[in-house]
Amino acid sequence: MPLQTPFHPRTSELCTSLLWKEWAGYHAVCSYDTVNDREYIAFRHAAGLIDVTPLMKYEVTGKDAPSFLARVMVRNIEKLRVGRVTYCCWCDDRGKVLDDGTITRWSEEHFRVTSNSPALQWLQRCARGFEVAIHESTDRIGVLALQGPASRTILAAAAEAEIEGLRFFRATTGMVAGKPVEITRTGYTGDLGFEVWTANENALPVYDAIMKAGKIHGIEPCGLDAMDVTRIEAGFVLHGVDYFSARTCMIESQKSTPFEIGLDWAVQLKRESFVGQAAILAEQDRGVARRLVGLELDWDDLERVFEESGLPPEVPRHAWRDPLPVYRDGRQVGQATSGAWSSILKKNLALATVNKGWSEKGTELMIETTVDFERKKMKAVVVPKPFFDPERKRT
Amino acid sequence: MGANYDAIVIGGGHNGLTCAAYLAKAGRKILVLERRHVLGGAAVTEEIYPGYHYSTCSYVVSLLRPKIIRDLDLPSHGLEIMPLEQSFQPLHDGRGLVRWSDWEKTRRELARLSPRDAEIYPEFGRTMVQMARFVKPILDMVPPDPGSLDPRGLSDLLRLGKRFQNLGPDLQAVKYRMLTMSAVDFLDGWFESDSLKAVMSVSGIIGTFLGIRSPGTAYVLLHHYMGEIDGAFRSWGLSKGGTGGISLAIASAARSYGAEIRTESPVQKVLLKNGSSEGVVLESGEEIRARVVVSGTDPRLTLLGFVGEENLDDETVSALKNFKMRGSSGKVNLALDRIPDFTCRPGVGPHLFGDIAIAPSIEYLERAYDQAKYGDFSERPYLNIVIPSLTDPTVAPPGKHVMSIFVQYAPYHIKEGPEYWPKKREAFGDAVIDTLSEYCPGIKEAILHRHVLTPWDLEQEYGLTEGNIFHGELSLDQLFFLRPSPKMARFRTPIENLWMCASGSHPGGGIMGAPGMLAARELLRTRTV
Ligand SMILES: Cc1cc2nc3c(=O)[nH]c(=O)nc-3n(C[C@H](O)[C@H](O)[C@H](O)COP(=O)(O)OP(=O)(O)OC[C@H]3O[C@@H](n4cnc5c(N)ncnc54)[C@H](O)[C@@H]3O)c2cc1C
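These protein sequence lines map, in sequence, to chains W and S.
Okay, so the first sequence: first residue is 1448 according to our numbering, each after it adds one.
Okay, so the second sequence: first residue is 1103 according to our numbering, each after it adds one.
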């Protein structure tokens, strides 16, 4: 049975819809109301508070922590300065992605790595010969993500910490409700936002203080459904949906490289050796076989496929994650792995992996859809990601 | 002297701006001239009381064409639309009805009024959506000219006719009923609950000087459902920063394509030479020339105002005079210190995040109309209220609120004469607040500032002739190729090179942008500009 996060007493009281799901072994709210619009609106127009405790967390400490992480990660973590956060992925020896997450450098010799799936064994295996200690802290630390344009104002009111000056992907510490917290300017919504990390025993007072400070700014408790829409708008890939950890794949073609999932920018190749480096270099020479791209489904064509069945056009009410084949000239050239109707952009969006040659901006593809039990194809165009990228995210 | 611009757009309302944006996007040199200090016309946000941003006129958006949002990439220019989820109707007897986007919740609410209606309600919705599906393409097309032999227009007309043939017998019957009946008679065929019918019928009369029992008002109900199939997700929404946010986003898009926009530049008249437009003269005396002048103001102001009766043929003049522009509504905007309890549902709950309708019964609405018929404002009017600050906290200081109250009936032609309105303004505002107090007793104490707009103000300040919120009633006889008259239905006027692009043209009023977009499309297609 899934566990309860330290915020459960609050979230369970608020979740009148009883819509929950399991997330990495924990109970997690899908949406507090039977419709998630209000939560989505809060993320984009005010602020949403979401319990992200189930993210796996590892404390990496010791003299060799920087060089160790530089060896495991595709990014040169030795260069990450104290008080900063970065995002990257890590690979197996063959350069296939195992997982992705954030890495925060809390002090010279203390880093925190987050991941979607258990990583302790892999990290420990790679640690041989390094003077490091790796401890999982998932069930000791509660994490809240406060996301949205009002998040800074709210957190500044709730926390005794330097919030106004905390820049994008920076970390700091402070107090909320008299309890020590760690704060990072990070999140999974592609908006202005923060994550607040606190020991389990302080979880409830911290939760209450943030909700209280947020009341006059329109804060809403939010669930995973609303966040899923925002992460698609932000163009973020989701482990287990848009790509799969090499450790869980049965066949080679299910595995992905960092380039294939669009993390080129996170890969730092020209440096001392790291896990997967040789394979990634070889891939670079060879050329990347497929690419994760953003797709915009053509509205007129969507109206057409519904009109053919005599139906009014419909847009998905939730983000979807059942893969759909993507075609070009009648041949399958890839698959869309998740998508959502963006009510802020008035666009029907999808994330898709397509073969080389079809990933250029403006490329016209066809995506499968089912209308009235009938499979149809409709037009979709490759567009740049993020689909939604407000300035406030960075400033 | 040659033309300085390819086109001048008179008026920076959202339609004028949309037209300008499309023309500029097509590479034309465009100048927009707005009389006021702010852009937006009736889709405007104004900080009349410091810290509180009122959507002074229009307050919710439903039919803004998604195509415009995508074509002009409005989200990147700041457009954000937030769906309005529910509809709350406080009743006389201390009960209340909320229609939620959660269908099961709505069913339980409706069942308290009528278990039968609760079951029929979704069926009604489906029928309306099906009907709307047939009507919607009309919004996105230039109306054909039934009097011409232009094959293009004729084939459009035929295709439309054919669509209607395909409706199927049940929907055919619905169509005929909708085209001929009053909103109430039409709803009588579906529902038994008086208060449900009352609140649903009002969408048939908004912006018209008709009652809910006037024939032809049923059709306008459809417009209400059109938004649902627009890929808008929900039928109604709020614009971030108030409805002016929409106009400002369109203006920003227009500028990004190179359009020039001038505020505080009232146009006095259209420059004529041999019955053709050459440009405009500003009130300042400045003359500006352009190949085409496109008016984003209403048809009467455009022709009787900027061109002048003396330059028009009799037929045009009488068509314009017969075009019904009788204003019938007003607006009250409030800055609130807090949100007081509604008696039937205390507390600040999700029921207040949608719209709130004071339309408790059919009789109530009929009485309201009766008073208006005799030249008074309704003492107990229909109110449609939103509290946008609940959804969009940026429009008021933290913890404070703005309330937007649309009021009908407030006839332009009161018995003392329209110019008497300023003397009645505060009495009208009092009637609105007294009405609301009956359902929300603490409202008076919560008011920090009150801003009242009568139809006279809508005319004087916002340039809406007779205070008509839609530049002419949206009644069946004034839509499609009859808007504003058969001869002027295709954005053209009898004056060569003078076009129209706003709500007085097809497909009509509301924050839609469609007239602006279609006029631009037609101007470009015909290479007029
Ligand atoms: C009180 C009220 C409430 C409403 N509520 C809603 C609602 O909730 N939802 C909805 O969809 N619709 C609503 N409407 C209707 C909607 O706002 C209008 O139909 C729409 O905004 C009209 O846009 P437009 O661009 O066609 O014209 P306008 O917005 O009227 O633009 C005309 C412009 O021309 C300018 N102008 C006038 N004279 C001159 C001159 N001499 N020189 C230069 N410029 C000039 C005006 O200042 C104005 O900016 C409401 C309207 C009112 C008045």
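All C-beta atoms in this analysis are idealised placements derived from N, C-alpha and C, irrespective of residue type, glycine included.
Residue-chain proximity (residue i, chain W), Cβ-Cβ < 8 Å
i, result
"F1335 of chain S", "A caution first: F1335 of chain S carries a pLDDT of 43, below 50, which makes its placement in the model unreliable, though a value can still be read off. Yes, F1335 of chain S lies at the interface with chain W (some Cβ there is under 8 Å from its Cβ)."
"G1642 of chain S", "No answer is possible for residue 1642 of chain S: it lies beyond the span of chain S, which begins at 1103 and ends at 1631."
"R1172 of chain S", "yes"
"S1203 of chain S", "yes"
"K1342 of chain S", "yes"
"V1231 of chain S", "yes"
"R1402 of chain S", "no"
"M1328 of chain S", "no"
"R1527 of chain S", "no"
"T1628 of chain S", "no"
Any C-beta of chain S under 8 Å from that of residue i
i, result
"W1746 of chain W", "yes"
"R1485 of chain W", "yes"
"I1488 of chain W", "yes"
"K1793 of chain W", "yes"
"P1565 of chain W", "no"
"G1621 of chain W", "no"
Distance, residue j Cα to residue i Cα
i, j, result
"P1152 of chain S", "P1617 of chain S", "34 Å"
"T1784 of chain W", "L1215 of chain S", "45 Å"
"L1593 of chain W", "R1491 of chain W", "11 Å"
"A1275 of chain S", "M1283 of chain S", "12 Å"
"G1610 of chain S", "L1312 of chain S", "17 Å"
"Q1701 of chain W", "I1550 of chain W", "26 Å"
"I1613 of chain S", "H1116 of chain S", "7 Å"
"G1263 of chain S", "D1748 of chain W", "22 Å"
"S1703 of chain W", "L1739 of chain W", "10 Å"
"H1557 of chain W", "I1171 of chain S", "48 Å"
"A1632 of chain S", "K1299 of chain S", "Residue 1632 of chain S lies beyond the stretch modelled for chain S, which goes from 1103 to 1631, so this question has no answer here."
"D1498 of chain W", "T1619 of chain W", "19 Å"
"A1334 of chain S", "L1269 of chain S", "Note on A1334 of chain S: pLDDT 44, under 50, position unreliable in the model; the coordinate value appears next. If I take the Cα positions, the gap works out to 24 Å."
"W1712 of chain W", "S1598 of chain W", "27 Å"
"I1222 of chain S", "L1560 of chain S", "39 Å"
"S1295 of chain S", "A1533 of chain S", "27 Å"
"G1118 of chain S", "V1752 of chain W", "33 Å"
"K1504 of chain W", "L1538 of chain S", "54 Å"
"E1380 of chain S", "D1247 of chain S", "26 Å"
Any chain B beta carbon closer than 8 Å to residue i
i, result
"T1481 of chain W", "This model lacks chain B altogether; the protein chains it does include are W and S."
Residue i: CB within 7 Å of a non-hydrogen atom of ligand 1
i, result
"L1555 of chain S", "yes"
"S1164 of chain S", "yes"
"E1136 of chain S", "yes"
"H1155 of chain S", "no"
"F1508 of chain S", "yes"
"G1410 of chain S", "no"
"S1379 of chain S", "no"
"N1413 of chain S", "no"
"C1159 of chain S", "yes"
"F1721 of chain W", "no"
"S1431 of chain S", "yes"
"F1444 of chain S", "no"
"T1585 of chain W", "no"
First through last residue of the alpha helix (DSSP H) which encompasses residue i
i, result
"G1339 of chain S", "Element bounds for G1339 of chain S: not the alpha helix (DSSP H) but the beta strand (DSSP E), 1339-1341."
"G1661 of chain W", "1650-1661"
"A1603 of chain W", "1598-1605"
"T1493 of chain S", "1490-1493"
"T1282 of chain S", "1271-1282"
Range of the contiguous beta strand (DSSP E) that encloses residue i
i, result
"W1467 of chain W", "1466-1470"
"M1622 of chain W", "1618-1623"
"R1209 of chain S", "Where R1209 of chain S is concerned, there is no enclosing beta strand (DSSP E), although the alpha helix (DSSP H) it sits in stretches over 1205-1215."
"S1160 of chain S", "That residue, S1160 of chain S, is in no beta strand (DSSP E); it is neither H nor E in DSSP."
Heavy atom of ligand 3 within 7 Å of residue i beta-carbon
i, result
"P1368 of chain S", "You won't find ligand 3 in this model; what it holds is ligand 1."
I'd like to know if the region 1602-1615 of chain S and the region 1392-1405 of chain S are in contact, where contact means that at least 3 CB-CB pairs between them fall below 8 Å. yes
Check whether the region 1783-1803 of chain W touches the region 1762-1771 of chain W, counting contact only when three or more Cβ pairs, one atom from each stretch, lie closer than 8 Å. yes
If we count Cβ pairs, one from each stretch, closer than 8 Å, do we get three or more for the region 1216-1235 of chain S versus the region 1578-1594 of chain S? no
Across the region 1477-1487 of chain W and the region 1502-1519 of chain W, are there enough close Cβ pairs to call them in contact, namely three or more that are closer than 8 Å? no
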